[in-house]
Amino acid sequence: MTKQIRKDLNSATRLYKAGKRQEAFEIYDRHFSESPDEFKHWDKVRYCWCMYYLFIKDQTDETELFDYTERVCDIVPQDDLRKSPVCVYTQCVFKVIMFLKGREDWEYMLYWLDKLNPELLVEDQRDSKFPSKKEDYYRYLSTAYFKCGDWQDCINASREALDTLESYAFNGDIWHMWRMGKSLNQLDQPEEALNYLNKVAEAEDQWYVFKEIADCHHKIGDDEKAREFASKAVLADEDVKVKVNLYYLIYQILKENYESMAIRHAELYLAIKLESGANIAEDIEDLNIDETDLDINELESEIREYWSSY
């Protein structure tokens, strides 16, 4: 029986090398289910590459994608890409991660990221314009924790990335700092958050970065600085409805000393929320604003003019 299995596996190898993956897979699959101990290392690797090309690479059925990738992970270990040019285990897991990224299923992505050992991923690659596998790993790990609201885990992942990686594509280091700063602010550590967010602001002229910095200064009690960055956020080019929570923050910043203009920000916040049907902050509802004559465009124009003068 062993000789016959070996003969069949050798035949499967020839078929695999000839590009006949379906035929090779059928032989590998039949024998692995019955006699997995007969498979040598390269038999297992070729069997898994067959599954990759047939059921994983271009798979749109999530059940098959997950099932076949789980099988690959059970059959072969992760190779050290510093010593091997390619790893079928790594290739399959990253395919799943990319699929989950498209679906924004961050929690399940963490399950698959946990299957990867970053120490076995390579940082150097031929095309330095794009992220390496190692940078991708840390980017997805940090982002998944961030999207799930696991703030401390996000900080830990980004800090490890900044301590480990030597180069970054597409300002990857800046975005690690952004996630760290935002997470630290969420954990009520605004002063430490500013250490990272100020560096982000120097590299990225984004309204939400200015908003986060304004929020940190407001928490610290420096409302003069909070207004400075709030003005930058308001005047940055972005759809008014996207910035709805910025107007709520500015209401909080202004209400003690600039009540009239604070109310105008509250009105704009309320108008946007009413149009979208989203939940409204309780303290805004308590203001008993007249909802019958709220015009988003007029309010935004008045607020932009105020901050331009500021």
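Residue numbers (numbering that gives the first Met the number 0): 0 to 309. Beta carbons: idealized from backbone N, C-alpha and C, even for Gly. Computed from a predicted model, the values in this text were never measured in an experiment.
- request: Find the nearest neighbour of C147 within the set E284, N9, K132 and M108, judged by alpha-carbon distance.
  value: Walking along the sequence shown from the start, residue 147 turns up at place 148. Residue M108 is the option with its Cα nearest to C147.
- prompt: Considering only the beta carbon of each residue, do I154 and P189 sit closer than 8 Å?
  reply: Translated into positions along the sequence shown, residue 154 becomes position 155. Translated into positions along the sequence shown, residue 189 becomes position 190. It is not a contact, given that the beta carbons lie outside the stated cut-off.
Outcome for V241 when other beta-carbon atoms lying within 10 angstroms are tallied against a minimum of 16: As a working note, residue 241 is residue 242 in the sequence shown. With fewer than 16 other Cβ atoms within 10 Å, it is exposed.
- prompt: Three or more C-beta pairs closer than 8 Å, one from the region 44-55 and one from the region 83-102: is that the case here?
  reply: yes
Close-in-space but distant-in-sequence residues of the same chain around A202 (CB under 8 Å, 5 per side omitted): Taking the sequence shown and counting its residues from 1, one reaches residue 202 at position 203. So the qualifying residues of the chain are N170 and I173.
message: Can you look up S131 in the DSSP assignment and give me helix, strand or coil?
response: Position 132 of the sequence shown, counted from the first residue, corresponds to residue 131. Coil, per DSSP.
task: Quick one: grab the DSSP three-state call for K181.
output: As a position in the sequence shown, residue 181 is number 182, starting the count at 1. K181: helix per DSSP, three-state reduction.
- prompt: Thinking just about the alpha-carbon of each residue, which of H216, H30, A261 and Q3 is nearest to the one in Y247?
  reply: The residue you call residue 247 lines up with position 248 of the sequence shown. Considering only alpha carbons, the answer is A261.
query: Between K210 and the rest of its own chain, which residues show a CB-CB distance below 8 Å, the 5 nearest in sequence each way excluded?
result: As a first step, residue 210 must be located in the sequence shown, where it is residue number 211. The residues are F228, A229, A232, K242, N244, L245 and L248.
task: Give me the Cβ distance between C49 and Y15, rounded to the nearest whole Å; I'm assuming they're in contact under 8 Å.
output: Within the sequence shown, the letter at position 50 stands for residue 49. Within the sequence shown, the letter at position 16 stands for residue 15. That pair is a contact at about 7 Å.
- request: Keeping to the same chain, check which residues put their C-beta closer than 8 Å to that of N197; ignore five residues upstream and five downstream.
  value: Residue 197 sits at position 198 when you count from the first residue of the sequence shown. The answer, listed in chain order, is I212.
query: Given H30, which residues of its chain have a CB within under 7 Å of its CB, disregarding the five upstream and five downstream residues?
result: Counting from 1 along the sequence shown, the entry for residue 30 is found at position 31. So the qualifying residues of the chain are I4, D7, L8 and E37.
message: the ligand COA and K39: does the residue's C-beta get closer than 7 Å to at least one heavy atom of that ligand?
response: The ligand COA is not part of this structure, which contains no ligands at all.
task: Compute the Euclidean distance between the alpha carbons of I279 and L269, then round it to the nearest angstrom.
output: For the purposes of this step, residue 279 is taken as residue 280 along the sequence shown, with counting starting at 1. For the purposes of this step, residue 269 is taken as residue 270 along the sequence shown, with counting starting at 1. If you take the alpha carbons of I279 and L269, they lie about 7 Å apart.
- request: Please go through the region 237-288 and give each complete alpha helix (DSSP H) segment of 4 or more residues, from N-terminal end onward.
  value: 243-253, 258-275 and 281-284
- prompt: If you draw a straight line from the alpha carbon of D204 to that of D238, how long is it in whole angstroms?
  reply: Against the sequence shown, residue 204 aligns to sequence position 205. Against the sequence shown, residue 238 aligns to sequence position 239. Rounded to the nearest angstrom, the two C-alpha atoms are 15 Å apart.
CB contact flag (W150, L186, <8 Å): Indexing the sequence shown from 1 puts residue 150 at position 151. Indexing the sequence shown from 1 puts residue 186 at position 187. Going by C-beta atoms, W150 is nearer than 8 Å to L186.
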